[in-house]
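A.B. asks:
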């Protein structure tokens, strides 16, 4: 079957998880902090708002946390980490022959539906990651690695809700 | 002794460089595992692909066991490692929003950057969506979220303290739990393998 040959091109999940764990351990060993992803978007939004409407940003209880005392939000650790993530993904994709512009979606939905749902999904993740102090990598994975109670709560909340809603969104996937 | 930058052994100027290198490993592993495909990632919720649980739990177990060993060997000061504080309600409700977004989009922020790096246009749409979500959150922060964001602050507590057991015992139980889940994924995948989707 074509299908199984395709899937085999991916690395063994336990080996990939081990490498991921070592990256996380390296981050903790060097900086005392774990990995994350949503923070980079937060820094970008803060930078854009601060350059368009600096006064508004200063007065906001949200943005002001990141720009106090002339701090540059874009110099945050997470932004460089994400540049690394993109570059690392590019190397991996090049090695495995997966570099290709495409909109990936189930054959049962159109590309347009896929894009619209992806934006709406992103919208909810943006709110959730801001409120929950991180996403699946920042709050749950890094949190669980340092055995924080918050990490375990985030993990259960994220995966539990996704399972809870899986039935309602099944037409998008299967 | 680590953490090297926190202790002043390496100058903070190295931060961006180290962040980039750590990110390289993170991004490489995510893409190699198949997290750059939303349809592969979402398989866990419909029983046809188990990579999320296998990769995620292996990574968490590797890092948490490694950290405890580093501490035991005196390579790292466990107390200087940042423990994200537990704010009960924002963690639960924020996590629920993230979960809803994941089941709709098939991405979480980390995997979307991985997917973007190999040219997935839907990943770009998702990241734009996150930006809009963060902007909405920021603009309505005082009105809607501020109270909830700071509610029920339990501080930087660790899970074994919550359960009132020793770190070693917790780790032992956590490893058993992980092995149980890994075994369970084999069982589930067999049950649903007849779905055999092409993706």
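Chains as they are written, first to last, in the numbering used here: chain A, 117 to 290; chain B, 5 to 203.
In this text, a Cβ means the ideal position worked out from N, Cα and C, and glycines have one as well.
All of these numbers come straight from a predicted model, not from anything done at the bench.
#1: What residue range is occupied by the uninterrupted alpha helix (DSSP H) comprising residue 55 of chain B?
#2: Determine the burial state of residue 197 of chain A: buried for a count of at least 16 other Cβ atoms within 10 Å of its Cβ, exposed for fewer.
#3: Contact between the segment 165 to 181 of chain A and the segment 254 to 266 of chain A: three or more CB pairs below 8 Å?
#4: Since residue 9 of chain B meets chain E, which of its residues come closer than 8 Å, beta carbon to beta carbon?
#5: So, with DSSP's three-state summary, where would you put residue 216 of chain A?
#6: For residue 124 of chain B, count neighbouring Cβ atoms within 10 angstroms of its own Cβ and tell me buried if that reaches 16, exposed if not.
#7: Over what stretch of residues does the alpha helix (DSSP H) that includes residue 241 of chain A continue unbroken?
#8: Could you tell me the alpha carbon to alpha carbon distance between residue 267 of chain A and residue 83 of chain B, rounded to whole angstroms?
#9: Since residue 155 of chain B meets chain A, which of its residues come closer than 8 Å, beta carbon to beta carbon?
#10: In this structure, what does DSSP give as the bridge partners for residue 91 of chain B?
#11: Just confirm the distance between the C-beta atoms of residue 200 of chain A and residue 31 of chain B, as a whole number of angstroms; I'd bet it's less than 8 Å.
#12: With distances taken from CA atoms, which of B:93, B:106, B:126 is nearest residue 216 of chain A?
#13: Closer than 6 Å by C-beta to residue 106 of chain B: which residues in its own chain qualify, once you throw out the five before and the five after it? Chain order, please.
#14: With 9 Å set as the bound, which would you pick, yes or no: does the beta-carbon of residue 143 of chain B sit closer than that to a beta-carbon of chain A?
#15: If the criterion is Cβ atoms closer than 9 Å, does the pair residue 137 of chain B and residue 240 of chain A meet it?
#16: Give the straight-line distance between the Cα atoms of residue 158 of chain A and residue 143 of chain B, rounded to the nearest whole angstrom.
#17: Reducing DSSP to helix, strand and coil, say where residue 80 of chain B ends up.
#18: Looking at the secondary structure, which residues open and close the alpha helix (DSSP H) in which residue 263 of chain A lies?
#19: Please name the residue in A:249, A:290, A:134 whose C-alpha comes closest to that of residue 269 of chain A.
#20: So, using beta-carbon positions, are residue 237 of chain A and residue 108 of chain B closer together than 9 Å?
#21: So that I know if they touch, is there some Cβ in chain B lying closer than 9 Å to that of residue 280 of chain A?
#22: Can you name the residues that DSSP bridges to residue 162 of chain B?
#23: Kindly list, in the order they appear in chain A, the residues whose Cβ is closer than 7 Å to that of residue 42 of chain B.
#24: In or out: residue 155 of chain B buried (at least 16 other Cβ within 10 Å) or exposed?
#25: Distance cutoff 9 Å, beta carbons only. Does residue 163 of chain A sit that close to anything in chain B?
#26: Using a beta-carbon distance cut-off of less than 7 Å, what residues from the segment 119 to 130 of chain B approach chain A?
#27: Would you grab the beta carbon distance between residue 121 of chain B and residue 206 of chain A for me? Rounded to a whole angstrom, and I think it's under 8 Å.
#28: Can you grab the Cα-Cα spacing for the pair residue 176 of chain B / residue 168 of chain B, in whole Å?
#29: Going by the CB atoms, is the gap between residue 45 of chain B and residue 53 of chain B shorter than 9 Å?
#30: Go through its chain and collect everything with a Cβ distance to residue 212 of chain A's Cβ below 7 Å, but skip five positions before and after it.
#31: Say whether chain A places a C-beta atom closer than 9 Å to the C-beta of residue 50 of chain B.
#32: Please tell me whether residue 226 of chain A has its Cβ less than 9 Å away from any Cβ of chain B.
#33: Can you tell which of B:64, B:39, B:73 has its C-alpha closest to the C-alpha of residue 172 of chain B?
#34: Could you give the DSSP three-state label for residue 195 of chain B: helix, strand or coil?
#35: Taking 9 Å as the threshold (beta carbon to beta carbon), is residue 73 of chain A in contact with chain B?
#36: So what does DSSP say about residue 181 of chain A, is it helix, strand or coil?
C.D. replies: The answer reads as follows:
#1: Secondary structure note for residue 55 of chain B: its alpha helix (DSSP H) is the uninterrupted segment 55 to 76.
#2: That one is buried.
#3: No: fewer than three Cβ pairs fall under 8 Å.
#4: Absent here is chain E; the protein component of the structure consists of chains A and B.
#5: Note: residue 216 of chain A maps to coil in three-state DSSP.
#6: It counts as buried.
#7: Note, residue 241 of chain A: alpha helix (DSSP H), 227 to 247.
#8: Going from the Cα of residue 267 of chain A to the Cα of residue 83 of chain B covers about 17 Å.
#9: For residue 155 of chain B, no chain A residue has a Cβ inside 8 Å of its Cβ, as the nearest lies near 11 Å away.
#10: For residue 91 of chain B, which the question treats as bridged, DSSP gives the partners B:157.
#11: Going by Cβ atoms, the distance from residue 200 of chain A to residue 31 of chain B rounds to 6 Å, so yes, they are a contact pair.
#12: If we check each option's Cα against that of residue 216 of chain A, B:126 comes out closest.
#13: Cβ neighbours of residue 106 of chain B beyond the five flanking positions: 112.
#14: Interface residue, yes.
#15: Annotated as proximal: residue 137 of chain B and residue 240 of chain A, with beta-carbon spacing under 9 Å.
#16: The alpha-carbon separation between residue 158 of chain A and residue 143 of chain B amounts to approximately 13 Å.
#17: Residue state, collapsed to three classes: strand.
#18: Unbroken run through residue 263 of chain A: none, as it is neither H nor E.
#19: Answer by Cα proximity: A:249.
#20: Yes. Within cutoff.
#21: For residue 280 of chain A, at least one C-beta of chain B is nearer than 9 Å to its own C-beta.
#22: Beta-bridge partners assigned by DSSP to residue 162 of chain B: A:264.
#23: Taking a Cβ-Cβ cut-off of 7 Å, the neighbours of residue 42 of chain B in chain A comprise 220, given in sequence order.
#24: Exposed: under 16 other Cβ atoms inside 10 Å.
#25: So, not an interface residue.
#26: Result list: 120, 121, 122, 123, 124, 125, 126, 129, 130.
#27: Contact between residue 121 of chain B and residue 206 of chain A is confirmed by a C-beta separation of about 5 Å, below the 8 Å threshold.
#28: Going by the C-alpha atoms only, they are around 15 Å apart.
#29: Against a cut-off of 9 Å, the Cβ pair of residue 45 of chain B and residue 53 of chain B comes out as a contact.
#30: Residues of the same chain with a CB within less than 7 Å of the CB of residue 212 of chain A, apart from the 5 flanking positions on each side, are 125 in chain order.
#31: Chain A, which has a Cβ nearer than 9 Å to the Cβ of residue 50 of chain B, makes this yes.
#32: No, no contact with chain B.
#33: The option with the nearest alpha carbon to residue 172 of chain B is B:73.
#34: DSSP places residue 195 of chain B in helix when its eight states are reduced to three.
#35: Nothing can be reported for residue 73 of chain A: it is not among the residues displayed for chain A, which extend from 117 to 290.
#36: For residue 181 of chain A, the secondary structure class from DSSP, reduced to helix, strand or coil, is helix.
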